[in-house]
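Enquirer: Residue numbers (the working numbering): 405 to 482.
Using N, Cα and C, we set each Cβ at its ideal position, and we do this for glycine too.
These numbers come from a predicted model, not from an experiment.
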């Protein structure tokens with residue numbers, strides 16, 4: 405998962421810097437308004453994903469209890 409997030413971050417950064425370099429040379433492929441809108445959309449999606457993860461692990465994650473009489477190590481109940 406860390407590699408996937410890293411690859412996505414590198415690709416987004418590479419696309420942003422490519423657009424910045426094209427802007428320096430006065431070449432417009434997309435408008436900056438569109439870039440800002442898609443950036444804000446990604447931020448909103450990230451916040452929604454974080455919220456859903458917190459809700460899932462808070463309310464829907466299976467509670468595993470452990471045997472307390474089975475020795476010094478914790479043994480999960482299945």
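Please return the same chain residues whose Cβ sits closer than 6 Å to the Cβ of residue 425, not counting the five positions on each side in sequence.
Expert: Taken in chain order, the list of residues that qualify is empty.
Enquirer: Please confirm whether residue 443 has its beta-carbon closer than 7 Å to some beta-carbon of chain D.
Expert: Looking at the structure shown, chain D is missing, and only one protein chain is on hand.
Enquirer: Rounded to the nearest angstrom, what separates residue 445 and residue 458 at their Cα positions?
Expert: Cα-Cα distance, rounded: 20 Å.
Enquirer: In this structure, how does DSSP classify residue 434 when only helix, strand and coil are distinguished?
Expert: The answer is coil: DSSP assigns residue 434 none of H, G, I, E or B.
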